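Residue numbers (the UniProt record's numbering), protein chains in the order written: chain A, 1 to 239; chain B, 1 to 239; chain C, 1 to 239; chain D, 1 to 239; chain E, 1 to 239; chain F, 1 to 239.
Take a look at the structure set out below.
Protein chains: 6
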Amino acid sequence: MARHDGRSPDQLRPVTITRGWLPHAEGSVLVEFGATTVLCAASVQDSVPRWRRGSGLGWVTAEYAMLPRATNTRTDRESVRGKIGGRTHEISRLIGRSLRACVDYKALGENSIVLDCDVLRADGGTRTAAITGAYVALADAVRWMRKRKMCPGDPLVDSVAAVSVGIVGDTPLLDLCYTEDVAAETDMNVVMTGSGEFVEVQGTAEGVPFSRSTLDALLDLATAGCTRLTEHQREALSS
Amino acid sequence: MARHDGRSPDQLRPVTITRGWLPHAEGSVLVEFGATTVLCAASVQDSVPRWRRGSGLGWVTAEYAMLPRATNTRTDRESVRGKIGGRTHEISRLIGRSLRACVDYKALGENSIVLDCDVLRADGGTRTAAITGAYVALADAVRWMRKRKMCPGDPLVDSVAAVSVGIVGDTPLLDLCYTEDVAAETDMNVVMTGSGEFVEVQGTAEGVPFSRSTLDALLDLATAGCTRLTEHQREALSS
Amino acid sequence: MARHDGRSPDQLRPVTITRGWLPHAEGSVLVEFGATTVLCAASVQDSVPRWRRGSGLGWVTAEYAMLPRATNTRTDRESVRGKIGGRTHEISRLIGRSLRACVDYKALGENSIVLDCDVLRADGGTRTAAITGAYVALADAVRWMRKRKMCPGDPLVDSVAAVSVGIVGDTPLLDLCYTEDVAAETDMNVVMTGSGEFVEVQGTAEGVPFSRSTLDALLDLATAGCTRLTEHQREALSS
Amino acid sequence: MARHDGRSPDQLRPVTITRGWLPHAEGSVLVEFGATTVLCAASVQDSVPRWRRGSGLGWVTAEYAMLPRATNTRTDRESVRGKIGGRTHEISRLIGRSLRACVDYKALGENSIVLDCDVLRADGGTRTAAITGAYVALADAVRWMRKRKMCPGDPLVDSVAAVSVGIVGDTPLLDLCYTEDVAAETDMNVVMTGSGEFVEVQGTAEGVPFSRSTLDALLDLATAGCTRLTEHQREALSS
Amino acid sequence: MARHDGRSPDQLRPVTITRGWLPHAEGSVLVEFGATTVLCAASVQDSVPRWRRGSGLGWVTAEYAMLPRATNTRTDRESVRGKIGGRTHEISRLIGRSLRACVDYKALGENSIVLDCDVLRADGGTRTAAITGAYVALADAVRWMRKRKMCPGDPLVDSVAAVSVGIVGDTPLLDLCYTEDVAAETDMNVVMTGSGEFVEVQGTAEGVPFSRSTLDALLDLATAGCTRLTEHQREALSS
Amino acid sequence: MARHDGRSPDQLRPVTITRGWLPHAEGSVLVEFGATTVLCAASVQDSVPRWRRGSGLGWVTAEYAMLPRATNTRTDRESVRGKIGGRTHEISRLIGRSLRACVDYKALGENSIVLDCDVLRADGGTRTAAITGAYVALADAVRWMRKRKMCPGDPLVDSVAAVSVGIVGDTPLLDLCYTEDVAAETDMNVVMTGSGEFVEVQGTAEGVPFSRSTLDALLDLATAGCTRLTEHQREALSS
């Protein structure tokens with residue numbers, strides 16, 4: 001099966017990670033997975049939410065949103081509608097949980113880092129691009145903090161990257177673009193650490209329920225994809 | 001490892017499925033997984049949402065909520081706060097997607113079924129109990145419709161059940177109660193069809209990222225659990 | 001005039017008061033007036049609202065809500081609509097005021113009790129069932145507090161019960177079910193103490209304005225009804 | 001007992017009813033009960049709410065609100081807080097129900113009248129002043145409609161007036177001002193028709209529950225007060 | 001060109017400023033520009049917003065709103081809609097900024113004054129009438145504070161008044177009424193100090209963009225108008 | 001006086017206008033005024049708001065927003081707070097009005113264009129950059145429509161550009177950056193057409209009220225700035 005952009009089934013789209021995109025943020029990254037473009041900003045606060053005060057532990061949270069015209073047709077703004085939709089909530093929570101998996105709260109001290117992931121252009125895989133880029137923004141924010149000796153230790157115990165996989169017409173594909181995502185019978189988002197373990201596995205039968213062997217094939221594909229994204233992150237952070 | 005209620009690691013809590021709990025609903029079930037108690041109501045409407053009108057296809061959706069004192073300490077009402085939280089949104093969407101996996105929209109005709117899942121008592125596994133009970137309420141609502149010849153065909157192509165699994169102190173456990181859920185390092189909710197295929201797999205590393213072999217052990221456990229829940233559903237529907 | 005369930009005009013529906021329905025609440029009651037079923041939970045907090053701090057006085061408040069399919073046709077959730085309707089507000093306030101009438105704030109100390117009254121099945125008289133049940137839940141919560149020596153004295157100076165009365169086709173009826181409520185020209189909710197005094201009298205001419213003698217007949221009927229409900233409460237609390 | 005403004009216990013405050021206060025409204029009244037001042041505007045619409053369309057019947061509804069500095073200390077605006085409080089909801093509903101008691105929906109035809117009651121100065125009895133004034137605004141709006149032959153018949157079958165009564169230090173008092181209202185043990189709002197029948201009776205034990213004889217004394221006082229308010233309305237409408 | 005009320009192009013409508021309209025407010029004014037009637041209330045608080053605490057500086061803010069039937073046709077309440085519209089926000093901010101221009105925050109001390117401007121009758125120029133009246137209410141509130149020695153100095157360094165000007169059919173007009181405002185091609189609101197300097201200049205091309213010479217003509221007209229309004233304010237404050 | 005980036009008082013920051021930044025939008029521009037970066041997207045809809053249907057006329061509207069970390073310190077999202085702030089409302093309305101000044105609604109036909117202006121990086125002048133960029137996005141959307149023969153005529157009768165001016169330490173400055181904006185005593189935003197007429201003039205005395213001669217100096221500066229921005233727009237559109 002030929003993919004419409006000529007990729008092989010197990011090939012990522014071109015990945016670009018541009019650090020320092022925002023002049024004021026403690027960490028910021030413009031991440032591109034093909035046409036999908038997400039601006040990730042890490043903001044450091046020297047305080048924690050109320051329920052965590054006095055614990056000596058830090059906190060990391062995330063907010064995801066899409067610009068109204070990131071998509072094919074214009075979407076109404078959630079600020080104008082006066083409430084956040086279920087999809088936005090769900091993805092914000094996923095990004096937050098994923099990044100917390102690589103953070104040592106004690107080493108972070110009573111500080112918070114908020115990761116704002118705003119989708120400027122959407123072409124499938126916005127949540128996985130957001131997680132992959134947000135990790136780099138987080139790493140930059142942690143460097144910024146450590147330079148100022150804000151943290152008692154090194155809060156980053158690992159790295160985190162994410163990729164989508166899915167079955168389109170019986171073929172397992174890596175890193176689905178929008179048209180592939182729409183056509184997929186099964187769709188899975190996988191978040192992994194740099195050391196190759198799972199943080200989140202979210203598989204959904206969009207059309208037909210899937211078998212264990214399909215699940216296995218998708219996990220293999222995602223594992224390989226996350227490994228390559230981890231390399232992209234390392235390169236970006238070492239440049 | 002002994003579980004505090006004496007269960008073996010691969011044992012479900014006692015399951016009760018009481019049909020017809022609400023006098024007016026087209027289908028209704030009080031489902032109990034141990035102390036966890038969810039009231040599932042299926043409401044039939046002879047119309048579909050605007051975006052689906054004229055398509056000849058039906059729709060199934062779900063809303064999940066928790067009574068303020070279902071839990072250990074009182075939770076503020078989302079109606080009073082004026083907005084639905086991210087967790088509620090996420091679970092409502094999960095229940096809806098899960099049930100849609102066993103529905104043939106064409107056979108349903110341009111009708112909608114709303115599944116209200118209200119947690120009366122919470123002791124872990126509320127979303128999986130909700131899915132398991134909601135399927136039975138849905139089946140009753142479909143029978144009600146078919147008796148009135150509202151559907152062009154049989155809209156139920158399979159059944160759907162769900163269970164939680166997790167790793168507590170290195171042991172994979174089936175159907176976590178609240179204290180086990182809090183202690184779990186990894187937590188997974190699995191939704192399967194009666195014919196043994198996956199509808200949703202949602203695994204989350206709460207504390208430590210998990211390996212592929214852990215993931216496999218959890219999937220095995222969940223598969224066995226869903227098989228037993230499917231039997232409970234069949235019994236309930238045949239009584 | 002025969003009532004459709006065979007009751008005499010001055011007869012209550014069968015009343016059931018089940019204590020301890022929720023495992024975690026300090027007091028909880030499932031109250032049934034015929035098909036009308038309300039779950040009443042009393043939650044104790046060792047603090048008071050800000051405007052009352054430092055006064056040495058306690059506070060009691062209530063929140064009323066209805067499950068979406070408690071009624072004949074499904075009602076949209078107030079949490080989804082993003083605001084509480086006028087009817088919900090009004091009944092919550094009525095329940096709170098009614099229960100406060102039997103409470104000695106000084107003897108309660110600077111503690112709060114919230115009464116959550118959630119209607120699981122609605123067939124008329126949900127607010128009066130809620131008040132009658134909530135009193136028992138409140139009494140259980142007070143016992144719980146006294147066992148822990150949280151209160152400086154005995155906060156309950158009396159008991160409180162409530163019943164609806166109305167004129168249907170010239171006949172004054174006690175404890176209206178839904179179809180009677182809809183048919184009533186005049187509708188009155190009466191809250192009384194166990195010692196036979198009035199806490200709230202809310203009479204409304206739904207169709208035709210009513211005379212003083214009609215008002216007197218309804219108050220007689222309600223007084224007799226509340227006396228019997230007080231006995232039900234005593235029995236429940238002594239079992 | 002002397003009242004602080006020298007009134008006898010059964011005496012109303014000075015009542016002023018100024019018609020035509022707003023240049024554009026179909027009916028408008030500035031009503032004063034002593035210092036309490038409410039602006040009542042009746043707005044005619046040649047349509048009815050959706051649930052009533054095609055019925056041939058009209059509708060009357062009301063909205064009550066208070067300016068932020070009508071009271072002793074400033075109250076936050078409900079528009080700024082983003083939601084309407086329980087008290088506002090409750091009073092709006094009471095005013096609407098009260099006025100509907102004197103309206104023949106069929107004679108009104110498929111038209112609506114909205115009564116906006118905005119409290120400019122509050123000194124107790126704002127809801128009863130609002131009802132008393134709103135009736136006159138309604139009557140003017142009906143005249144306006146009948147001049148334009150919008151109604152199939154005469155929609156006003158009676159008049160409606162309201163007054164508050166209460167027990168302050170064992171004495172039943174008519175038309176409580178703010179300081180009396182705060183001091184009252186029992187507080188009752190009574191809405192009556194011009195022909196002397198009851199539309200609404202809302203009695204509340206603020207401090208101590210009240211006996212049947214107290215209730216009777218308050219109803220006598222309220223009946224006399226409403227009779228005098230009805231005369232004020234007639235004078236205003238005939239000038 | 002004749003104006004429909006016979007005014008010359010550079011003539012204000014009759015201006016009335018009634019002080020002390022509200023019994024409880026520290027300052028209150030009913031201001032009328034022809035039929036436009038705005039109730040302005042100044043409320044003093046002996047505290048400042050959180051971001052200003054400990055600064056030794058005071059704060060002045062404003063809230064503008066319109067009663068539903070101030071206008072030709074009824075407008076829905078913003079409290080019922082659950083949010084404040086853009087126009088309301090914009091005018092509230094304009095009034096606050098304008099009045100702050102004549103306030104010495106240091107002399108005010110850590111106190112706040114809120115100016116509530118509620119339009120009772122609207123016939124064009126509601127925001128300029130609000131500013132002109134609010135200044136007088138502010139001055140009364142400041143007198144009230146100074147009598148109680150709440151302020152370290154005299155917080156009023158100047159006075160502030162406002163007027164609208166516009167081009168209707170090539171003629172520059174002062175103080176537009178509603179029908180003129182609707183017909184205007186260019187519309188400008190000008191806020192000036194009593195000493196003749198500009199605080200705000202807000203010119204908008206409603207239909208056709210305007211030239212520099214038009215702008216100059218409008219500013220001349222507005223300057224003369226504000227001078228006369230300043231005299232009205234002085235008279236009101238000296239009576 | 002030297003400006004901190006070395007500009008002369010009457011000099012614009014470097015202006016960049018990048019067209020076609022979004023793959024799906026009918027018109028899109030990334031506009032930069034120095035570090036201030038705004039993404040402007042024009043979305044075409046072949047319908048108009050309800051109040052305009054059947055008129056044969058089109059409509060143009062705008063929505064402005066800022067990403068949370070566009071600024072020095074993180075700003076909470078308006079979608080999370082559940083309401084749009086006054087500043088956002090005000091700027092959205094300003095952008096919409098400004099662009100409508102160059103549109104012939106009849107030539108546009110019953111179509112709408114929404115202009116989304118999202119600030120990615122903020123360093124002063126975000127609203128003026130937004131207007132200047134949005135015009136170019138609008139022009140591209142109009143070309144897109146004309147190619148598809150959606151418009152009865154040419155809807156663009158002129159161009160529109162905007163710039164900020166202000167007095168900092170007695171010197172009138174063009175195109176203020178953030179630090180200059182904060183230091184400005186008087187601040188003015190001026191919107192002009194390509195043919196040199198005024199669309200909006202919004203001058204505000206932040207600290208000290210300003211004289212007529214100051215106003216004149218600022219208008220001269222703004223006129224020159226808008227002329228140069230108009231040239232930038234022409235170049236961008238001809239490339």
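Glycine included, each C-beta is placed from N, C-alpha and C at the ideal position.
Just so we're clear, the structure is a prediction, and the values are computed from it rather than from any experiment.
Look at the region 118 to 159 of chain D and you find these whole runs of alpha helix (DSSP H), each 4 residues long or longer: 126 to 147. In chain order, Glu-63, Ile-84 make up the part of chain D whose C-beta sits under 8 Å from the C-beta of E/Val-80. The DSSP assignment places complete alpha helix (DSSP H) segments of no fewer than 4 residues inside the region 153 to 223 of chain C at 178 to 183, in order along the chain.
With its beta carbon less than 8 Å from one in chain A, F/Ser-43 belongs to the interface. Closer than 8 Å to the CB of D/Thr-18 there is not a single CB belonging to chain E.
If you keep only unbroken alpha helix (DSSP H) runs of at least 4 residues inside the UniProt domain "Exoribonuclease phosphorolytic" (11 to 141) of chain D, you get 78 to 81, 86 to 100, 105 to 108.
If you draw a straight line from the Cα of F/Arg-143 to the Cα of F/Asp-46, it comes to about 15 Å. From the beta-carbon of C/Val-142, no residue of chain B is found nearer than 8 Å; the closest lies around 16 Å away.
Taking the beta carbon of E/Gly-225 as reference, no residue of chain F falls within 7 Å; the closest one sits roughly 15 Å away. With three or more CB-CB distances shorter than 8 Å, the region 158 to 170 of chain B counts as touching the region 187 to 194 of chain B.
For B/Val-119, no Cβ of chain C is located within less than 8 Å of the residue's own Cβ. Counting only the Cα atoms, E/Asp-216 lies some 39 Å from D/Arg-77. Contacts with chain E at 8 Å (Cβ-Cβ) do not include D/Thr-171.
Chain E places no beta carbon closer than 8 Å to that of D/Val-60, leaving this residue out of the contacts. Pairing C/Val-136 with C/Leu-30 gives a Cβ-Cβ distance that is not under 8 Å. Contacts between F/Leu-219 and chain E, judged by CB atoms closer than 9 Å, involve Arg-212, Leu-215 in chain order.
Nearest C-alpha to D/Leu-221 among D/Asp-187, D/Lys-106, D/Ala-70, D/Ala-141: D/Asp-187. In the structure shown, E/Arg-234 adopts helical secondary structure according to DSSP, grouped into three states. At a cut-off of 8 Å, the C-beta of B/His-89 has a neighbouring C-beta in chain A. By the Cβ-count criterion, D/Ala-184 is buried, with 16 or more other Cβ atoms from all chains shown falling within 10 Å of its own Cβ. D/Val-119 sits close to D/Ala-70, with the two beta carbons spaced by under 8 Å.
Taking 8 Å as the CB threshold, A/Leu-22 lines the interface with chain F. Sixteen is the threshold: since fewer than 16 other Cβ atoms of the shown chains lie within 10 Å of the Cβ of D/Pro-23, the residue is exposed. The beta carbon of C/Gln-233 sits no closer than 8 Å to any beta carbon of chain D. Closest in C-alpha terms to D/Asp-170, from the list D/Cys-151, D/Val-199, D/Lys-147, D/Phe-210, comes D/Phe-210. Look at F/Gly-6 here: in three-state DSSP terms it is coil, with no helix or strand label. Taking CB atoms only, E/Asp-181 has no neighbour in chain D less than 8 Å away. Along the region 189 to 208 of chain D, going in chain order, the ones with a CB nearer than 9 Å to a CB of chain C are Val-191, Met-192, Thr-193, Ser-195, Gly-196, Glu-197, Phe-198, Val-199, Glu-200, Val-201, Gln-202, Gly-203, Thr-204, Ala-205, Glu-206, Gly-207, Val-208.
Within chain A, not a single residue places a beta-carbon under 8 Å from that of F/Val-48; the smallest gap is close to 15 Å. Contact note: E/Arg-97 reaches chain F through Thr-204, using a C-beta cutoff of 8 Å and chain order. From the beta-carbon of B/Ala-101, the residues of chain A found nearer than 7 Å are Ala-205, Pro-209. Each residue's CA atom was taken as its position, placing E/Thr-128 and E/Ala-139 some 17 Å apart. Remark: C-beta atoms of D/Val-38 and D/Gly-133 approach each other more closely than 8 Å. The Cβ neighbour count for E/His-89, taken over all protein chains shown within 10 Å, is at least 16; the residue is labelled buried.
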